[in-house]
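From first to last, the protein sequence lines are chains A and B.
Using the UniProt record's numbering, the first residue of the first sequence is number 1, and each one after it goes up by one.
Using the UniProt record's numbering, the first residue of the second sequence is number 1, and each one after it goes up by one.
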Amino acid sequence: MTSTHAPAHRARSTSVPAVVTRIAVLGITLAVTVFIAPVLIAQQSWMWLAVLVLSAVGIFVLYSTKHFVPGKYLFPGTFFLSVFLILPIVLTIGYSFTNYGDGTRGTKEQAVGSIVASSVQQTADSPRYTMTVATSGSPIEGPFELYLVDPTDGTVHHGDAETPLEEVAPGDVTVADGRVTEVQGLTVLDAGQVNTIYDELMELAVPVDESSAVRPLGVNQAFVGTTVLQYDEATDTITDTSTGEEYTVGEIGDSRYFVDSSGERAFSQGWLQSVGLSNYERLLTNSAVAGQFFSAFVWTLVFAAGSVLLTFALGFTLAVVLNDQRLKGRRFYRSVLIMPYAIPGFISLLVWSNFYNRDFGLINEMLGLDLDWFGDPNLAKVAVLLTNLWMGFPYMFIVSTGALQAIPDELTEAARMDGASPLQATRKIVLPLLLVAVAPLLVASFAFNFNNFNAIELLTEGGPFPDGSGRGATDILISMVYRIAFGGSGADFGFASAVSVCLFVLTGVLAAIQFRFTNVLEDVN
Amino acid sequence: MQIRRKSFLALGGLAAGTTLLAACGGSNSDTGGGTGSDPSDGGGAGGGASAGRLVIWADEEKAPALEPSAKTWGEENGIEVVVEVVPGDELQANFITANQAGNGPDVTMGAHDWIGNLVQNGAISPVQLPSDVADTIAPVGIDAITYDSQTYGVPYAVETLALFANNELTDVAEPGTLEELISAGEAGGAENILSLPIGESGDPYHMQPIYTSAGGYLFGKDSEGNLDPSDLGVGKEGSLAAADKISELGEQGVLKNSITGDNSISLFAEGKAAYLISGPWALADVRDSGIDFTVSPVPGFEGMEPAAPFAGVNSFYVASNAANAGFAQQFMTDVATSPDVAQAMYEANPLPPVNLQLREEIATSDEHLMIFAEAAETADPMPAIPAMSAIWEPLGIAQANIVGGADPHPTMESAGEEIAAAIG
């Protein structure tokens, strides 16, 4: 009786901690949504707004009812997978079809705005007025009027967007310390209020004559200036009012810029636009770039495979040696061998980077060598592998030691009885059994080293650069992408995204091959 | 205790509503910094500037120097000033990104050679300097912040390279030529004659005095005196002569790829190099080391051009998306017209100021710094055009390879081709 009744009862009601947790989660979700949504709307990031609203709705639908039980468990993982993994990949793919980079980050409107705003020029010899802003309305809505005191003769002028500057009757205003402090019938704004409405004040631009206008400069000064360049939306041209020259939109390379009559780029500001497949074309058809990509790919494979094999070989050998019962002080040796693993990788790499210095490095000095470690491409590769070996063998050592414990001693003993040497026993019996357990870790280690950016960037910075190109001899694909995207020669996110997408595809293919390989190994077993 | 389902839903709704109200209350008090209810305040929620709070970005060395004087300025003008530390090597890129996202600072500090990149990304607004300010600032400062005949910042300090000599390792403390420097260094028996950072990827900034003395240049100038990206000097005749000289110095062991930015100053400070080419930032370390040293302008090759190192001018810039553009512009004007901020910054972090009045004041107290200040007058402001970003990497790699023994002419020529291709 009770056995059928009790579960039904539990299904309809909930324990207190569960309720509190639910309330907290839903409350926080709602609060976060309501808090962030206006920010996203203000920034016009509609995509993130959609993500936010959809996930908030999802959380409420799933967790406020008793239904959708599988969904409750699937949702968190799916959510984080989508937001932190799938979405960046989608964005990267998106950017790989654009010219996103230095000079082309914003919209066309932003570029035009920046070009026009940068052309404001101070009229020569015009005074720098002390400025007071007054309003007949509210200090936020306006309308605003400027009251200016000429510092040379102390005369007071005023004007607004429609009224050009005119002198003010002395009785209407109070002047103290060379600036207007009170205006009859109007409210004077304080510095903070002027700061708040600064953008509108810039637009206000009290006209002085046909071409120049008074513009605020800071919260209490103003100057007379001219906007030399003007943008005409109808014809999509920028005109230089001082020379009359017109700049139109023209195509340079695969992007569009404002160009002068001879087709030369007139302003450095460009804008974000779609360039179709041109980033991929550059990667695959430009022989220099394609060659770099290919040689980086080959070295990446060598580096990743070499690191895994070397570290495993050393780690495994040491594990087997230290597994021998006859060895005294095994515990001590084991703890010493794990030392490299205990030092943060960043520090190890930077320290090792100094060890390889040709003239002042520890290695050459201690061994009495004169090897140009970082100047010779092959030696640099050896140095990278050696350092990575030092960094990585303790991990393989720990893994192998652990796996060795799981292999019964009887197996090796039986092999000995059958006349196998210790080496043969290790190679033919222990290693295959161990590999079954360790192979997935080797695959993971390979994948890790395939994108082991730190090992390259902190040790050699990709150098040396023997052929003078942007890819160094020790650059693996990921550090090459980094050099393209953030390197010395300006950010080129669009192209770096295209390389990343290719890298992503390559990694996927390699992972598939490796999984096939691991499966084969398990089948053998 | 067990709760029924209906009451659970009601409770949940109530709690969610309460939390929501609390969140709204919180957001109001966050943004209500005295300036009222501007709905666009939301843009500041990312941690950057919001109305009523002027945010200045500076690197780890300059931030502590700036903070006290900036705070004082803020108190005088009725606004809270916050100086945020951003690592120097990430400042420029972070500033561009944050400014575009709308959560950047109002004002940032940076080297003048960023201007081209900042302008092409629409990240900074022009700054109108008062007409009389030009008389109070060293010409190199005004030159540096002028880009496309518009002024974009307020300069406060100038950095350039000079020659440090270890008086115990050489008899010639102020060599007139590089040849004299080398023979004096050899005679002194120092482990290294000259400490000049190169590394495997090169350092064109420190190499510039040698490169220019042998006749190399980066960009020519057009009739208006603006830099002309179409006249590229790398790969042309002068640069080839420079390549020959650099190759020669490499063979002699005067220039070494094993000397890098990480060890160049310490080699000199440890007495392992007779001479060092470095900037005013090395002064502190060299003074701390206690060696007897002399500072003088970097010499050129005998019978060739004078050595012209780069001048780098540190400046303040107004962000184009500043939440407090008014106060930011106000700050610019005040810093430009009064040397107070520059003075306070000099005292905390000695760099040669561009303010002439301040420079006179320190002339007697810091002779070393004055040598840098004077050297800056003859130095070339680093080109600020965006095309400059295409220079550093290829030229640096070419120079490093030449020092390492590569054939000078083809190496320099191919660097020129690569730069020309990148500029487009």
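For each residue, glycine too, the CB sits at the ideal point set by N, CA and C.
Note that the structure is predicted; figures quoted are calculated from it, not measured.
Per-residue DSSP class, three states only, for residue i
i: residue 416 of chain B; result: helix
i: residue 123 of chain A; result: coil
i: residue 16 of chain A; result: helix
i: residue 207 of chain A; result: strand
i: residue 346 of chain A; result: helix
i: residue 302 of chain B; result: coil
i: residue 215 of chain A; result: strand
i: residue 271 of chain A; result: coil
i: residue 373 of chain A; result: coil
i: residue 234 of chain B; result: coil
i: residue 264 of chain A; result: coil
i: residue 42 of chain B; result: Here residue 42 of chain B scores only 36 on pLDDT, less than 50, and its place in the model should not be relied on; the value that follows carries that caveat. In the structure shown, residue 42 of chain B sits in a helix (DSSP, three-state: H, G or I).
i: residue 363 of chain A; result: helix
i: residue 493 of chain A; result: helix
i: residue 157 of chain A; result: strand
i: residue 5 of chain A; result: At residue 5 of chain A the pLDDT is 48, less than 50, meaning the model places this residue with poor confidence; the figure from the coordinates comes in the next sentence. It is helical.
i: residue 156 of chain B; result: strand
i: residue 98 of chain A; result: strand
i: residue 87 of chain B; result: coil
i: residue 339 of chain B; result: coil
i: residue 356 of chain A; result: coil
i: residue 372 of chain B; result: helix
i: residue 504 of chain A; result: helix
Residue i CB to nearest heavy atom of the ligand FAD below 7 angstroms
i: residue 211 of chain B; result: In terms of ligand content, the structure shown is empty, and the ligand FAD therefore cannot be addressed.
Neighbour-count burial assignment, residue i, 16 or more Cβ in a 10 Å radius
i: residue 332 of chain A; result: exposed
i: residue 519 of chain A; result: exposed
i: residue 356 of chain A; result: buried
i: residue 103 of chain B; result: buried
i: residue 286 of chain A; result: exposed
i: residue 424 of chain A; result: exposed
i: residue 46 of chain A; result: exposed
i: residue 67 of chain A; result: exposed
i: residue 269 of chain A; result: buried
i: residue 146 of chain B; result: buried
i: residue 109 of chain B; result: buried
i: residue 287 of chain B; result: exposed
i: residue 326 of chain A; result: exposed
i: residue 122 of chain B; result: buried
i: residue 317 of chain B; result: buried
Identified DSSP bridge partners for residue i
i: residue 430 of chain B; result: With chain B covering 1 to 424 only, the question about residue 430 of chain B has no answer from this structure.
i: residue 258 of chain A; result: A:249
i: residue 238 of chain A; result: A:231, A:247
i: residue 125 of chain B; result: B:318
i: residue 221 of chain A; result: A:130, A:217
i: residue 152 of chain A; result: Note: residue 152 of chain A sits in no beta bridge, so no partner.
i: residue 380 of chain B; result: B:310
i: residue 150 of chain B; result: B:147
i: residue 145 of chain A; result: A:134
i: residue 179 of chain A; result: A:176
i: residue 246 of chain B; result: Paired residue(s): none; residue 246 of chain B is not in a bridge.
Same chain, Cβ closer than 8 angstroms to residue i, neighbours up to 5 away in sequence not counted
i: residue 226 of chain B; result: 148, 149
i: residue 140 of chain B; result: 158, 311, 313, 354, 376, 377, 379, 381
i: residue 232 of chain A; result: 238, 239
Same chain only: Cβ atoms within 7 angstroms of residue i, ignoring 5 sequence neighbours per side
i: residue 183 of chain A; result: 134, 147, 172, 173
Neighbourhood of residue i by C-beta, 6 angstroms cutoff - its chain only, sequence neighbours within 5 removed
i: residue 248 of chain A; result: 237
i: residue 143 of chain B; result: 381
i: residue 48 of chain A; result: 40
message: Between the region 231-243 of chain B and the region 111-128 of chain B, can you find at least three pairs of beta-carbon atoms closer than 8 angstroms?
response: Result no; under three Cβ-Cβ pairs closer than 8 angstroms.
- prompt: Do the region 380-397 of chain B and the region 206-219 of chain B meet, that is, are 3 or more Cβ pairs less than 8 angstroms apart?
  reply: The region 206-219 of chain B and the region 380-397 of chain B touch, with three or more beta-carbon pairs separated by less than 8 angstroms.
query: Should the region 181-190 of chain A be regarded as contacting the region 83-92 of chain A, the criterion being three or more beta carbon pairs within less than 8 angstroms?
result: Segments in contact, no.
At least three beta-carbon pairs within less than 8 angstroms, the region 242-250 of chain B to the region 264-278 of chain B: Flag = no, the region 242-250 of chain B and the region 264-278 of chain B do not touch.
- prompt: Do the region 464-475 of chain A and the region 375-384 of chain A make contact, defined as three or more Cβ pairs closer than 8 angstroms?
  reply: Yes, they touch.
field: Any 3 or more C-beta pairs closer than 8 angstroms across the region 102-113 of chain A and the region 262-277 of chain A
entry: Between the region 102-113 of chain A and the region 262-277 of chain A, the count of C-beta pairs closer than 8 angstroms reaches three or more; the two stretches touch.
field: Contact between the region 81-88 of chain B and the region 281-298 of chain B (3+ Cβ pairs under 8 angstroms)
entry: Verdict: no, contact absent.
- request: Could you tell me whether the region 87-96 of chain A touches the region 494-514 of chain A, where touching means 3 or more Cβ pairs closer than 8 angstroms?
  value: The answer is yes - the region 494-514 of chain A touches the region 87-96 of chain A, with three or more Cβ pairs under 8 angstroms.
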